[in-house]
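K.L.:
In my numbering, the protein residues as written are 46 to 434.
For each residue, glycine too, the CB sits at the ideal point set by N, CA and C.
Take a look at this one; I'll ask things after.
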Amino acid sequence: MGVSSCPRRERGEKMNDLYLQFNKHRETGVNDFMNRYKFLIFFLFVIFSVGCSHKDTTPQDSLTPITVKTVKITAQPILIGKSYPGTVHPFQQVNLSTRLSGWVETINFSEGQSVTKGSVLLVLRNRDLQAKVTQAESNRKAAEVQYQNAQRDFQRIETLFNKGAATQKEMDDIRAAYVSAEAQYQSSLQMEQEAREMLQYSILKAPFDGVVSHKFVEVGDLANPGQTLMVIENTRQVKIRAKIPETEIGSLTTGTPVNVQIHPFTSDVFSGTLERIIPAGDPQSRQFDVEVMVQNPEGKLKSGMFARITVSGKGQNGLFVPRSALIRRGQLEGLFIVSRENKAHLRWVRSGREYGNQVEILSGLNPGELVVVTNVSQLRDGQLVEVSQ
46 MGVSSCPRRE RGEKMNDLYL QFNKHRETGV NDFMNRYKFL IFFLFVIFSV
96 GCSHKDTTPQ DSLTPITVKT VKITAQPILI GKSYPGTVHP FQQVNLSTRL
146 SGWVETINFS EGQSVTKGSV LLVLRNRDLQ AKVTQAESNR KAAEVQYQNA
196 QRDFQRIETL FNKGAATQKE MDDIRAAYVS AEAQYQSSLQ MEQEAREMLQ
246 YSILKAPFDG VVSHKFVEVG DLANPGQTLM VIENTRQVKI RAKIPETEIG
296 SLTTGTPVNV QIHPFTSDVF SGTLERIIPA GDPQSRQFDV EVMVQNPEGK
346 LKSGMFARIT VSGKGQNGLF VPRSALIRRG QLEGLFIVSR ENKAHLRWVR
396 SGREYGNQVE ILSGLNPGEL VVVTNVSQLR DGQLVEVSQ
């Protein structure tokens with residue numbers, strides 16, 4: 046019995062060890078499972094948090110309108126024929142000066158202001174001249190009274206002489222007095238006229254309706270005889286002077302209609318008439334000057350502007366946009382068209398010839414469409430825009 050009890054104890058101890066090891070492994074497995082479960086829950090939470098915190102990928106720029114300027118496309122005539130460069134000149138121009146030497150006392154107009162014929166532009170200090178006019182007027186009135194008295198005396202003595210009641214000597218004396226009084230009266234008239242003219246030389250007036258283009262003096266300056274004080278221009282119509290080669294001058298005749306483009310109004314075509322052909326050419330350049338008259342009631346055209354005249358007239362109509370409206374990407378050219386929803390849509394086009402700052406569009410554009418001409422580089426297709434005037 047004593048011998049057989051040892052094996053049973055050993056077996057019991059082994060069973061206990063196995064049970065402890067099993068429990069240990071079971072606890073380890075459960076812990077591993079729980080750790081993996083917790084990690085999975087944490088990973089999913091991170092993904093969910095990132096997904097929820099992600100903002101809308103729609104660019105906010107497309108929702109914020111960009112302010113742009115547009116032009117409405119209209120068909121315009123294309124200039125054809127021979128073109129020549131020229132310069133705008135006023136129809137009338139005068140340099141105002143004075144014959145006197147005096148201090149500038151009053152200036153009534155500045156450069157750029159419009160004037161009417163007879164407007165007083167500038168006055169020199171003229172108190173001494175006004176005094177001379179007053180004195181000359183007084184002398185003329187006195188001489189006039191003496192002349193009238195001498196005329197009455199002459200008529201009275203002449204009547205008596207014809208009746209034999211006056212001698213020849215009386216007649217001769219009264220005639221001499223009458224002639225002298227008349228001469229003095231005429232002299233006083235001349236002196237008064239000269240005094241008034243001298244006074245007028247101190248007052249500069251506009252000789253025609255126009256605009257003050259230059260002013261060379263200020264109040265307090267000393268004006269000298271012959272010095273240009275102001276320049277007045279009449280630009281209600283303008284002259285465009287251009288040079289024509291001698292090989293082509295023979296084909297031109299006065300009265301021919303001429304189309305004119307003026308920088309910076311290159312999108313506009315002004316109508317003019319070939320007014321003059323200067324018969325003497327420049328022997329060095331072999332060119333002849335011509336003058337084209339263009340009406341300018343709105344005053345858009347200023348003297349000194351660059352012009353281009355075309356003699357043959359208008360051709361077919363075309364569509365034009367400012368060069369600033371075009372975008373280029375490689376070999377492609379495009380424009381942004383504004384839709385009714387105030388969105389800018391990219392439109393690929395094909396361009397043609399350039400006329401100054403304007404580019405002809407051969408295809409891809411229709412009359413009446415609004416083309417963006419400013420802030421083009423900031424736009425993309427579908428961008429919301431706000432059109433400013």
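Over the uninterrupted beta strand (DSSP E) stretch that includes MET338, give me the two end residues.
P.N.:
First-last of the beta strand (DSSP E) with MET338: 332-340.
K.L.:
In chain order, what residues of the same chain have a beta carbon less than 6 angstroms from the beta carbon of VAL418, not counting five sequence neighbours either side?
P.N.:
Taken in chain order, the residues that qualify are LYS114, VAL116, PRO367, SER369, ALA370.
K.L.:
Ignoring anything shorter than 4 residues or poking outside the region 149-227, list the alpha helix (DSSP H) runs there in chain order.
P.N.:
List check, alpha helix (DSSP H) in window: 172-207.
K.L.:
In three-state DSSP terms, what is ARG144?
P.N.:
Of the three classes helix, strand and coil, the one that applies to ARG144 here is coil, per DSSP.
K.L.:
Below 7 angstroms CB to CB, which residues in the same chain sit around GLY157 once its five sequence neighbours on both sides are set aside?
P.N.:
These residues qualify, in order along the chain: VAL256, VAL257.
K.L.:
When the Cβ atoms of the region 257-266 are set against those of the region 146-153, are three or more pairs found closer than 8 angstroms?
P.N.:
Touching, yes, given that three or more Cβ pairs across the two stretches are closer than 8 angstroms.
K.L.:
Three-state secondary structure (DSSP) at ILE323?
P.N.:
If DSSP states are grouped into helix, strand and coil, ILE323 belongs with coil.
K.L.:
Taking just the CA atoms, how far does ILE202 sit from GLU215?
P.N.:
About 7 angstroms.
K.L.:
What's the call for GLU278, buried or exposed, on a 16-neighbour Cβ count within 10 Å?
P.N.:
That one is buried.
K.L.:
Please determine, among PHE261, LYS162, ALA228, the residue with the shortest C-alpha to C-alpha distance to GLN137.
P.N.:
When each option's Cα is compared against that of GLN137, the closest is LYS162.
K.L.:
DSSP beta-bridge partners for GLN282?
P.N.:
GLN340.
K.L.:
I'd like the list of long-range same chain contacts for PRO104, defined as Cβ closer than 6 angstroms, with 5 residues on each side in sequence excluded.
P.N.:
Confidence in PRO104 is poor, its pLDDT being 49 and thus under 50, which makes the residue's placement too unreliable to answer from.
K.L.:
With burial defined as no fewer than 16 other Cβ atoms inside 10 Å of the residue's Cβ, what is the status of PRO135: buried or exposed?
P.N.:
Buried is the call here.
K.L.:
Which complete alpha helix (DSSP H) runs does the region 226-298 hold, if anything under 4 residues is left out?
P.N.:
Runs of the alpha helix (DSSP H) inside the region 226-298: 291-294.
K.L.:
Counting only the same chain and skipping the five closest in sequence on each side, list residues whose C-beta sits under 8 angstroms from that of LYS347.
P.N.:
Excluding positions up to five away in sequence, the list reads VAL133, THR280.
K.L.:
Is GLY427 near LYS388, with beta carbons less than 7 angstroms apart?
P.N.:
It is a contact, given that the beta carbons lie within the stated cut-off.
K.L.:
Hey, LEU167 and LEU234: beta-carbon distance below 7 angstroms or not?
P.N.:
Not closer than 7 angstroms, so no.
K.L.:
Measuring straight from C-alpha to C-alpha, what distance separates GLN376 and GLN403?
P.N.:
Cα-Cα distance, rounded: 19 angstroms.
K.L.:
Between LEU424 and ASN304, what straight-line distance do the alpha-carbon atoms span, to the nearest angstrom?
P.N.:
The straight-line gap from Cα to Cα measures roughly 37 angstroms.
K.L.:
Determine the extent of the beta strand (DSSP E) in which GLU437 is found, giving its start and end residues.
P.N.:
Residue 437 falls outside the range modelled here, since the chain spans only 46 to 434, and no answer is possible.
K.L.:
Mapping the DSSP letters down to three states, classify ARG395 as helix, strand or coil.
P.N.:
Strand.
K.L.:
Could you tell me which residues DSSP puts in a beta bridge with VAL366?
P.N.:
For VAL366, which the question treats as bridged, DSSP gives the partners VAL404.
K.L.:
Using the C-alpha atoms, what's the distance from ASP334 back to LEU169?
P.N.:
In a straight line, the C-alpha of LEU169 is about 40 angstroms away from that of ASP334.
K.L.:
Looking at GLU399 and THR112, is the spacing between their C-beta atoms short of 7 angstroms?
P.N.:
No; because the gap between Cβ atoms is not below 7 angstroms, this pair is not in contact.
K.L.:
Counting Cβ pairs, one atom from each stretch, are 3 or more of them under 8 angstroms apart for the region 181-190 and the region 229-243?
P.N.:
Yes: the two stretches touch, three or more of their Cβ pairs being nearer than 8 angstroms.
K.L.:
Shortest alpha-carbon distance to ASN341 belongs to which of GLN121, ILE307, ARG241, THR204?
P.N.:
Ranking GLN121, ILE307, ARG241, THR204 by Cα distance to ASN341 puts ILE307 first.
K.L.:
Assuming the contact rule is C-beta atoms closer than 8 angstroms, LEU244 and LEU141 should be a hit. Round their C-beta distance to whole Å, please.
P.N.:
Not really, about 16 angstroms apart at Cβ, beyond 8 angstroms.
K.L.:
Measure the alpha-carbon distance for MET338 versus ILE322 and round it to whole angstroms.
P.N.:
Cα to Cα, the separation comes out at about 12 angstroms.
K.L.:
Leaving aside the five residues before and after LEU415 along the sequence, list all residues of the same chain whose C-beta is less than 8 angstroms from its C-beta, in chain order.
P.N.:
Taken in chain order, the residues that qualify are THR115, VAL116, LYS117, ILE118, ILE382, VAL383, VAL432.
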